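There are 2 protein chains.
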Amino acid sequence: MRASRFFISTLKEAPSDAEIVSHKLMMRAGMIKRLGSGIYTYMPLGLRVIRKVEGIIREEMNKAGAIELLMPLVQPAELWQETGRWDKMGPELLRLKDRHGRDFALQPTSEEVVTDVVRTEVKSYRQLPLNFYHIQTKFRDERRPRFGLMRGREFTMKDAYSFDRDVEGMQKSYETMFNAYVNIFNRFGLKFRAVAADNGAIGGTGSHEFHVIASTGEDALVYCPNSDFAANMEAAEALPLIAQRGAATQPLTKVSTPKTTKCEDVAKLLGIGLDQTVKSIALTVEKDVDGRQVRENWLLLLRGDHELNEVKVTKVPGLKDFRFASEAEIQEAYGTVPGYLGPIGTKQPVNIVADRTVANMADFVCGANEADYHLTGANWGRDVAEPVVADLRNVVEGDASPDGKGQLAIERGIEVGHVFQLGTAYSAAMNCVYLDEKGQPAPMQMGCYGIGVTRILGAAIEQNFDDKGIIWPDAIAPFELVLCPMGYDRSDLVKLETDRLYAELQAAGVDVIVDDRGLRPGAMFADWELVGVPHRVVIGERGLKEGNLEYQGRRELEATAVPAADMLGFIKGKLGK
Amino acid sequence: MRASRFFISTLKEAPSDAEIVSHKLMMRAGMIKRLGSGIYTYMPLGLRVIRKVEGIIREEMNKAGAIELLMPLVQPAELWQETGRWDKMGPELLRLKDRHGRDFALQPTSEEVVTDVVRTEVKSYRQLPLNFYHIQTKFRDERRPRFGLMRGREFTMKDAYSFDRDVEGMQKSYETMFNAYVNIFNRFGLKFRAVAADNGAIGGTGSHEFHVIASTGEDALVYCPNSDFAANMEAAEALPLIAQRGAATQPLTKVSTPKTTKCEDVAKLLGIGLDQTVKSIALTVEKDVDGRQVRENWLLLLRGDHELNEVKVTKVPGLKDFRFASEAEIQEAYGTVPGYLGPIGTKQPVNIVADRTVANMADFVCGANEADYHLTGANWGRDVAEPVVADLRNVVEGDASPDGKGQLAIERGIEVGHVFQLGTAYSAAMNCVYLDEKGQPAPMQMGCYGIGVTRILGAAIEQNFDDKGIIWPDAIAPFELVLCPMGYDRSDLVKLETDRLYAELQAAGVDVIVDDRGLRPGAMFADWELVGVPHRVVIGERGLKEGNLEYQGRRELEATAVPAADMLGFIKGKLGK
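Here's what the structure looks like:
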């Protein structure tokens with residue numbers, strides 16, 4: 026490519042609405058252009074990166090036996106009603122009506138459509154397993170689109186759907202996809218981590234997220250450096266921090282703690298460790314019992330220094346549809362105000378659930394269910410009945426790994442992929458069945474597998490940038506190499522050598538752009554450093570008189586003189602071609 | 026590709042809603058699957074063809090200097106309001122609201138968005154010319170979607186937009202695109218014709234349609250076999266069929282023609298040629314004159330054997346916004362009922378426009394403006410004032426070519442591309458200006474260039490099929506070649522030879538599929554003939570014992586024995602590789 030025939034449009038300053046590095050750099054490098062909130066035009070440079078990302082995904086999906094098709098963006102409501110998602114999904118599902126008033130949705134994913142394809146096309150066990158995927162525009166009407174391509178409304182996603190005869194088959198398909206994802210992210214040249222994830226409402230046995238590691242990532246990833254344990258914060262099991270409960274040594278005592286509603290302040294006031302305090306979180310569950318609406322009070326107990334993990338709460342039997350109690354409900358159930366709740370002496374009956382660590386505490390401090398008072402020396406069994414015990418908290422750095430192989434570490438990541446064992450959630454709802462060897466119908470076991478194609482761009486930049494701009498990995502760079510001739514229009518020597526090298530590089534399959542725009546060196550270098558092309562060769566008269574060109578990698582601080590005759594081989598070596 | 030790892034799903038019968046050959050065959054071959062009215066999933070086989078079509082378009086567009094980007098599908102109403110198209114376009118523009126109630130459209134084309142990109146990115150004449158294109162999903166909410174991919178609602182289109190400093194530049198960009206289109210359609214391997222087209226409401230000087238020739242095509246294409254004259258029916262100029270008007274020889278006579286309202290019946294009744302009769306078509310034009318609504322009567326005159334061309338009517342000064350007169354209006358203006366109108370003795374004043382041929386007729390027959398009566402021996406100048414003369418009719422086969430180089434021929438075509446000189450219609454409305462050498466702002470001159478990617482599939486099939494199925498041209502076939510082993514699972518000899526040839530063909534860059542599904546020969550051949558793979562090699566034990574394989578082209582009636590050792594070279598020769 027010649028820069029004079031391409032479109033390059035860089036900015037000195039990022040627009041003020043760009044909040045994070047990748048958004049700022051993509052705007053400044055002219056990779057994307059905002060059309061509306063969360064809606065971007067992919068400019069020529071950005072589109073080249075997208076195409077490379079898509080190309081790698083496509084190759085690895087095909088290699089893994091998945092079959093590409095293309096499902097429509099505009100999807101009839103009827104299919105979404107069959108699975109109930111038409112009603113269940115909130116306003117992020119963009120609904121529209123056609124000229125005849127019929128309802129449609131813009132697809133955020135395609136479970137319904139692919140299941141409809143398979144239920145009409147596949148009749149026999151002989152046709153299974155199958156895995157269909159497409160790389161297609163998606164729309165999700167985010168409440169607050171932000172961060173450029175990270176949380177846009179219109180975006181590109183690869184979504185794949187596997188169909189199997191049984192759970193074993195589904196697990197095999199899942200593993201195949203998992204391995205394909207590992208290959209894909211390795212080929213991108215990004216540092217990533219696959220972590221076990223929560224399955225959410227759908228259930229099933231397996232789900233992993235693929236995260237690009239970046240200190241600016243929204244998600245906390247938990248892993249054990251000594252083993253292959255890795256999970257996201259929602260799914261990471263927290264072991265009890267106290268192996269065995271000690272004996273009660275203190276009497277239960279009511280102490281005055283005026284205007285002291287936080288565990289930190291109570292510990293300070295009483296001169297004890299935060300790890301001696303217990304915080305109480307009041308929940309409400311509304312149930313329909315024989316047509317009557319019943320309200321249950323639940324109290325969760327966490328050690329003062331721990332954080333509640335709401336996903337884990339939903340796993341406690343009875344708490345699937347919990348909500349936090351209102352102040353009025355708290356007053357009614359506990360006879361006091363928030364900040365002084367505790368498990369002992371509640372006004373109404375309350376279901377008590379203690380975190381694993383809290384369940385092993387003795388002589389602990391908790392609210393007295395009376396404003397401005399706490400209890401010290403509280404003990405299970407003696408002062409209050411033994412609680413239900415559950416894992417309720419987020420793990421913290423240094424916790425023991427659930428696999429017993431060391432201590433947990435935490436790093437930040439950006440979720441760019443998700444693989445999911447769906448089981449029969451969709452196939453049962455949509456009657457997607459096959460006939461087995463005996464002619465008996467059975468619902469297919471499904472899996473789904475997504476990669477946020479456009480989000481990869483943002484994540485790759487969050488992981489790879491410096492104060493000059495983006496640093497693309499070779500495999501997904503808009504160009505692998507830029508040739509920067511010094512005086513292409515003025516010097517025959519420079520032009521001749523540039524054109525020769527350009528032709529050779531092209532013939533060798535190098536994705537090269539030559540900057541023939543006639544810019545001054547400073548402006549030219551700044552453009553390509555901002556755009557993030559990973560390799561650069563400068564062709565100048567001075568160097569050429571000694572037979573040399575200058576190579577510089579995007580992460581390198583200084584250029585290296587390379588004999589002109591050796592440059593092709595040198596570049597091929599750098600690119601592994 | 027191995028068929029066992031691909032998805033092939035053919036049908037014996039097409040669904041009943043498939044009306045035309047290409048729709049039927051695409052459904053039967055499992056290339057597309059209906060999701061809703063005018064909305065199709067592109068199944069794996071169909072998607073392969075689409076990708077090949079896109080690939081050829083992309084290569085030729087890039088070669089022609091156009092730059093690829095990707096503009097969003099969901100576009101904010103504000104831009105469409107700037108050009109007035111938000112209000113002007115009918116319900117085929119699908120409008121929707123996001124969660125905040127803001128208006129958006131699903132793009133049918135992207136003039137507004139690309140003009141917005143360019144007006145903010147381009148400031149100087151130095152940055153021009155520019156040509157941006159994308160290959161993107163479009164939505165057009167057709168009133169009556171039909172014919173499969175021919176007139177769908179969701180479809181894929183390549184649309185390009187050129188921006189130039191002046192008209193000469195625009196014309197050069199237009200010519201470049203025209204030539205790129207010729208290359209594209211040649212590479213598809215389709216018989217096509219570029220015809221001059223009407224510019225419609227936008228005006229400007231140039232517009233051509235690209236049609237795939239097919240006897241089932243919706244459009245009539247007019248061309249001169251001896252020259253390069255070619256136009257669509259709307260735009261093809263009709264010369265007068267009578268060089269000079271003869272002298273009046275008959276007196277004007279009122280003759281009784283009871284219940285004879287059609288020229289054919291009048292001619293039969295009077296025993297004259299249809300080419301002696303003139304048919305009258307009453308129009309109404311409503312105008313606002315100084316705030317008053319004024320109604321004008323117009324009468325168009327065509328020779329009895331000719332057809333009205335409504336596009337040409339709009340070109341007659343004063344008739345841009347014509348409509349056909351109602352029966353009440355006819356009664357009021359002519360004092361009679363339709364079927365007996367004529368230019369002589371109207372009740373109210375009427376503007377008379379005669380087709381060029383009618384203007385040169387003498388002693389003609391026309392309605393008497395009285396029910397059940399016609400006039401014979403009517404003559405211009407003597408019986409009625411000389412009319413306004415215009416080209417009002419469709420040309421017919423055998424007409425003289427407007428370039429004087431022979432007689433016109435007519436064939437049918439399917440429109441798959443359109444190139445258009447827009448001028449400043451969009452740039453002026455959206456203030457898309459550049460600064461010229463003197464620093465003066467001027468609106469950019471634009472062109473737009475579309476190709477209906479998915480429609481190409483339908484058109485290619487309409488041109489290339491037989492009673493067995495589709496016959497794809499090599500360049501856009503889902504696979505170039507199918508290997509049909511007879512007993513792949515039973516015969517080691519067959520398997521060995523199949524695998525060897527398959528590997529060699531793949532290494533040679535042949536897009537080959539091997540049918541390892543274990544079907545019986547009849548079913549296997551029928552599948553591939555239906556799908557339309559253009560080349561087939563059969564590997565059988567009997568042939569192999571003599572060292573031979575069998576080659577058969579999709580259009581050939583019999584197979585040719587080719588020595589196994591020569592087959593690779595033979596195929597490469599067939600495919601020009």
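Residue numbers (the working numbering), protein chains in the order written: chain A, 26 to 602; chain B, 26 to 602. Built from N, CA and C at the ideal position, the CB exists for glycine as well. The structure presented is a predicted model; accordingly, all values stated were derived computationally and were not measured.
Residue 438/A and residue 178/A have their C-alpha atoms roughly 21 Å apart.
In the structure shown, residue 213/A falls within a helical segment according to DSSP collapsed to helix, strand and coil. A straight line joining the alpha-carbon of residue 376/B with that of residue 117/A spans about 59 Å.
Residue 184/B is positioned such that its CB atom lies no closer than 9 Å to that of residue 509/B. For residue 282/A, the nearest beta carbon of chain B is not closer than 9 Å to its own beta carbon. Taking the Cα of residue 151/B as reference, the smallest distance to any Cα among 526/A, 130/A and 30/A is reached at 30/A. Residue 277/A has its alpha-carbon roughly 30 Å from the corresponding atom of residue 342/A. Between the alpha carbons of residue 457/B and residue 141/B lies a gap of roughly 7 Å. In the structure shown, residue 486/B adopts helical secondary structure according to DSSP, grouped into three states.
The Cβ-Cβ distance between residue 60/A and residue 133/B does not fall below 9 Å. Apart from the 5 residues on each side of it in sequence, residue 47/B sits with its Cβ closer than 6 Å to the Cβ of 483, 486 and 487 in its chain, given in chain order. The secondary-structure analysis by DSSP pairs residue 466/B across a beta bridge with 460/B. Setting aside the 5 residues that flank it on each side, residue 271/A is surrounded in the same chain by 387, each with a C-beta closer than 7 Å to its C-beta; the list follows chain order.
Contact check between the stretch 418-427 of chain A and the stretch 242-255 of chain A: three or more CB pairs, one atom from each, fall below 8 Å, which counts as touching. Excluding sequence positions up to five before and after residue 273/B, its CB lies within less than 7 Å of the CB of 387, 388, 404 and 407, all in the same chain and listed in chain order.
Chain A has no Cβ within less than 9 Å of the Cβ of residue 80/B.
Scanning chain A for C-beta atoms nearer than 9 Å to the C-beta of residue 188/B yields nothing, as the closest lies near 11 Å away.
When C-alpha distances from residue 302/B are compared across 311/B, 349/B, 267/B and 383/B, the shortest belongs to 383/B. Taking a C-beta cut-off of 7 Å against chain A, the contacting residues of the stretch 131-151 of chain B are 138, 142 and 146, listed in chain order. For residue 160/A, the enclosing beta strand (DSSP E) begins and ends at 155-164.
Identification of chain A residues near residue 98/B by a Cβ-Cβ cut-off of 7 Å yields 98, 162 and 179, ordered along the chain. Under the Cβ criterion (8 Å, minimum of three pairs), the stretch 506-525 of chain A does not count as touching the stretch 231-240 of chain A. The stretch 59-109 of chain A is shown to contain whole beta strand (DSSP E) runs of 3 or more residues at 64-67 and 99-101, in chain order. Taken in chain order, the members of the stretch 42-64 of chain B whose beta-carbon sits within less than 9 Å of a beta-carbon on chain A are 55, 58, 60, 61, 62 and 64. Around the beta carbon of residue 594/A, fewer than 16 other beta carbons lie within 10 angstroms, which makes this residue exposed.
By the C-beta density criterion, residue 145/A is exposed, having fewer than 16 other C-beta atoms within 10 angstroms.
Taken through DSSP and simplified to helix, strand or coil, residue 237/B comes out as strand. At a C-beta separation below 7 Å, residue 482/A has no neighbours in chain B, since its nearest C-beta there lies roughly 13 Å away.
Residues of chain A with a Cβ closer than 7 Å to the Cβ of residue 94/B are, in chain order, 66, 67, 68, 69 and 72. Around the Cβ of residue 334/B, a 10 Å sphere holds 16 or more other Cβ atoms; the residue is buried. Not one beta carbon of chain A lies nearer than 9 Å to the beta carbon of residue 552/B.
In the DSSP annotation of this structure, residue 255/A is not part of any alpha helix (DSSP H); the continuous beta strand (DSSP E) holding it starts and ends at 255-257. For the stretch 98-119 of chain A, the set of residues with a beta-carbon nearer than 9 Å to any beta-carbon of chain B comprises 98, 99, 100, 101, 103, 104, 115, 116, 117 and 119, in chain order. The three-state reading of DSSP puts residue 538/A in strand, counting E and B together. Below the 9 Å Cβ cutoff, chain A contributes 30 as neighbours of residue 90/B, in chain order.
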